[in-house]
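Below is one structure, written out as structure tokens; the observations come after it.
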């Protein structure tokens with residue numbers, strides 16, 4: 004009955020009193036603090052007074068529990084809870100749902116709710132599968148903004164609380180002054196005591212602000228050891244003065260800031276424990292005299308695991324527990340034999356080696372902290388949505404930010420980082436090390452063409468690399484806290500030989516100490532330390548190399564005499580698109596995920612076989628997905644790198660930006676007449692059409708002419724031999740499809756047909772392809788270069804838009820290009836790799852109104868360049884004044900929404916957008932089912948590419964169902980700020 008009556012008392016009492024958290028120094032008024040302390044003390048005393056001796060002693064123990072073992076193990080823990088009244092459990096390996104279920108099970112059997120602890124130094128994933136992992140402390144040590152570590156700590160606490168965990172046995176505050184340390188290393192924030200302390204305080208604050216107890220470890224300092232206390236007793240030779248100055252510094256500062264607990268290590272430190280080989284974890288001088296009395300620590304003192312050889316080799320189970328308690332520890336962690344330990348403590352109590360006062364001090368302290376973490380009002384863990392709650396999208400957002408702030412540039416000779424002038428570069432990538440580099444290479448290729456070198460021999464590789472202006476080398480080792488990241492001599496030799504021949508940027512995806520094997524860095528132009536090898540670090544390293552982010556991390560340890568603690572070169576962000584989690588740019592991932600269902604609906608309803616979609620905000624791509632297949636046969640999945648015929652997006656992605664350069668140079672003005680631009684139009688009805696009227700689609704031009712119909716045989720309806728041949732020749736050089744070539748002089752007929760066409764009866768808005776067909780003619784005549792060459796030289800090669808081009812079959816395999824139609828009215832074949840638009844095809848695939856192929860990412864780069872008013876990647880393509888002129892709605896008062904070439908938001912109910920964009924936004928749509936739109940006010944770029952025209956183009960269900968617009972609406976619904 005006692006068990007149940009106690010629970011009834013606790014429940015009733017907790018209904019009356021809801022404790023304030025006292026883990027950190029909160030700014031309560033004195034009255035509130037006094038009130039909270041009163042109720043806390045009342046609860047502690049009431050519980051303590053109802054415990055018998057063995058129940059009190061039981062509170063001292065936190066036993067090891069696993070959720071990946073069998074029922075026999077679980078029953079053993081049950082027995083320790085029910086028979087020996089243990090105070091808590093420390094969970095080790097397992098899974099979150101299993102652990103949550105076991106936590107509920109053990110708590111239901113415990114008279115007093117259990118402390119639950121875990122080693123979660125870099126998140127719950129240190130022990131549990133399917134949970135979140137943050138960077139190692141060594142990576143965090145490179146971060147200069149410690150508020151980020153504080154925020155990470157808050158997220159860690161949120162996850163711990165969701166799992167019913169009260170103790171995170173973190174942070175490690177060992178100052179890792181010994182690079183050979185086998186057990187601390189990456190677990191340390193570094194070798195500088197100030198940096199270690201500030202980072203540790205930030206993590207502590209984050210954890211404790213959310214009601215989870217932080218534990219500073221491993222007292223008095225495990226940073227300068229060459230042995231692992233799991234296997235032996237490491238020796239620390241430093242003097243007491245040195246320990247006071249370095250190793251104890253973080254503890255002193257953290258205690259002042261409200262540290263909840265300290266874990267004491269198993270170390271041999273002769274300067275503070277005179278007994279030879281006597282572990283610090285059971286030393287009265289170390290724990291009581293130094294930690295409690297000298298450092299004035301009043302929180303919980305916890306042993307490191309008592310099964311570790313550093314302790315268990317010294318005394319037998321039970322004896323080691325007794326010695327630990329006598330030394331001043333409050334919690335005995337991972338005892339090997341609880342019944343024996345309780346008996347040993349009872350015997351010592353009977354022998355008056357332990358007083359009631361001493362026992363009460365620890366047990367009441369334990370109960371006090373149980374009250375502070377809410378165990379006076381214990382509630383079981385809810386299993387529903389547990390996995391989702393432990394893996395929220397905002398955790399990815401935090402990780403991106405942490406790695407962006409950690410990545411460190413150590414060498415940047417001649418400012419090789421970031422790489423600029425892409426049009427002048429030929430770049431290779433070489434992987435060294437034994438772990439994956441896939442994400443790094445993929446992201447590098449999102450900025451420029453980067454060729455992977457896979458030759459095996461060094462001499463063969465050196466010969467191959469002579470073709471390249473720059474070589475990016477990635478050293479990739481498995482991402483484990485205790486993994487060996489040391490370079491072998493062969494790797495060193497490769498690095499040195501390549502660096503002497505080529506300009507190199509070397510990125511180490513390893514702990515900093517891997518650099519120790521390199522004797523000289525003089526031949527390295529660029530050197531980046533990414534600290535870890537995972538998708539986050541590989542992404543931000545590639546971004547840094549190409550200037551989508553600037554680096555600002557500082558190395559937290561020294562490397563020989565080459566680099567010293569806090570070294571690091573800040574590099575620049577030069578305005579290239581980066582990659583980020585939606586939450587970091589004010590978008591909600593869960594809302595954005597609705598895009599998937601809209602895209603899949605369009606594909607399932609056969610509005611289009613597939614699609615590519617990109618969403619970017621504030622210069623960061625936050626959503627990039629491909630859906631469906633090339634065709635309804637479902638043989639080839641759409642990839643992010645596949646090329647689509649972008650149709651009328653050509654107008655703003657090719658013709659318009661090249662025209663803006665001419666406008667910037669004052670070669671043309673808004674009032675420049677067509678007859679001036681193209682003298683062939685003198686004397687025609689279009690001679691006085693101005694640039695302004697043509698680009699705003701109110702020059703009275705017809706929408707289009709079906710030029711191809713004039714070239715069809717009047718009897719068969721198929722291409723006439725008068726105009727076409729099935730093979731290339733000098734007289735028939737214009738390829739319009741795989742097996743069809745047009746007569747060389749036909750372009751003149753197209754221009755003449757436009758010149759001879761009637762004008763509309765009055766001035767009004769009428770969308771027309773003519774203007775852009777004519778702008779192509781103007782650009783080619785005024786520059787002396789074909790439009791495809793001009794566009795690539797002026798833009799695509801500089802933007803890193805390596806998949807944007809006319810006539811893509813000249814560079815890409817057909818399987819990388821999405822088909823647009825099975826043509827049964829002109830070319831009578833499947834159109835794949837050749838422009839869908841008939842008029843553009845008759846111009847050799849290069850026209851001002853259509854003909855361009857691209858993928859969503861390249862389109863987004865161009866739209867971002869527009870949104871940055873002509874600036875991208877360190878280049879200024881045209882002036883801000885020019886962009887503003889082209890993005891102006893000149894005739895809104897006449898119900899013409901168009902800018903100069905750009906489409907603009909609808910002025911009424913219908914139009915090209917969701918109706919939710921700003922009036923400063925701009926973009927275009929295309930006949931094949933494409934859309935590109937940028938909104939400067941919301942800093943959003945949206946690209947949708949599809950081949951809705953396949954297999955036939957007549958019925959535009961995609962448009963009728965507003966698929967593109969509905970996706971855009973979701974993007975705006977996702978905005979959180």
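In this note's numbering, the protein residues as written are 4 to 980.
Where a beta carbon is used, it is the ideal one built from N, C-alpha and C, also for glycine.
Enclosing beta strand (DSSP E) for residue 936 [first to last residue]: 933-938
Which residues DSSP lists as bridging residue 171, in chain order: 121, 217
Residues in the same chain with beta-carbon distance under 8 Å from residue 98, minus the five sequence neighbours each way, listed in chain order, please. 70, 71, 131, 132, 133
How big is the Cα-Cα spacing for residue 944 and residue 861? 12 Å
Quick one: residues in its chain with C-beta nearer than 7 Å to the C-beta of residue 467, no 5 flanking neighbours on either side, listed in chain order? 456, 458
Cβ neighbours of residue 311 in the same chain (closer than 7 Å, five flanking residues each side left out): 232, 233, 269
Taking Cβ positions, are residue 582 and residue 625 nearer each other than 9 Å? yes
At which residues does the beta strand (DSSP E) containing residue 856 begin and terminate? 855-857
Where does residue 822 fall in DSSP's three states? coil
Kindly indicate which residue of 514, 469, 461, 847 has the alpha-carbon position closest to the one of residue 485. 514
Am I right that residue 51 and residue 367 are in contact with their C-beta atoms under 8 Å? What's the rounded C-beta distance? 6 Å
With three or more C-beta pairs closer than 8 Å as the rule, is the stretch 834-841 touching the stretch 795-804? no
Return the Cβ separation of residue 572 and residue 412 in integer angstroms, given the expectation that the two are a contact with Cβ distance under 8 Å. 4 Å
Which ranges would you report for the alpha helix (DSSP H) in the stretch 637-718 if only whole runs of at least 4 residues count? 659-667, 677-680, 694-698
What residue from 646, 711, 141, 105 has the CA that sits closest to residue 812's CA? 646
DSSP has residue 306 in a bridge; who is on the other side? 267
Do residue 942 and residue 446 have their beta-carbon atoms positioned less than 9 Å apart in this structure? no
Inter-residue Cα distance where the pair is residue 908 and residue 805: 30 Å
Assigned secondary structure, residue 28 (DSSP; H/G/I helix, E/B strand, else coil): The pLDDT assigned to residue 28 is 44, lower than 50, so where the model puts this residue is not dependable; a value taken from the coordinates is nonetheless given after this. Residue 28: coil per DSSP, three-state reduction.
If distances are taken between C-alpha atoms only, which option among 261, 469, 482 comes closest to residue 214? 261
Reducing DSSP to helix, strand and coil, say where residue 837 ends up. coil
Can you give the Cα-Cα distance for residue 429 and residue 448, rounded to whole angstroms? 12 Å
Under 8 Å, with one C-beta from each stretch per pair, do the stretch 532-544 and the stretch 155-174 reach the 3-pair mark? no
Would you kindly work out how many angstroms separate the C-alpha atoms of residue 27 and residue 156, rounded to a whole number? Reliability of the predicted coordinates at residue 27 is poor, the pLDDT of 49 falling under 50, and no value is obtained from them.
Grouping DSSP H, G and I as helix and E and B as strand, with all else coil, what is residue 805? coil
Which of helix, strand or coil does DSSP assign to residue 101? helix
Do you know how far the Cα of residue 904 is from the Cα of residue 695? 9 Å
Mark residue 123 as exposed unless 16 or more other C-beta atoms lie within 10 angstroms of its C-beta, in which case mark it buried. buried
Find out if the Cβ-Cβ distance for the pair residue 227, residue 250 is shorter than 9 Å. yes
What are the partner residues of residue 929, as DSSP defines its beta bridges? 933
Mind checking whether residue 120 and residue 168 have CB atoms under 9 Å apart? yes
Go through its chain and collect everything with a Cβ distance to residue 962's Cβ below 6 Å, but skip five positions before and after it. none
Across the stretch 386-400 and the stretch 81-97, are there enough close Cβ pairs to call them in contact, namely three or more that are closer than 8 Å? no
Measuring straight from C-alpha to C-alpha, what distance separates residue 950 and residue 616? 13 Å
Whole-angstrom C-beta distance between residue 338 and residue 324, which should lie under 8 Å: 5 Å
Using the rule of at least 16 other Cβ atoms within 10 Å of the residue's Cβ for burial, across every protein chain shown, is residue 259 buried or exposed? exposed
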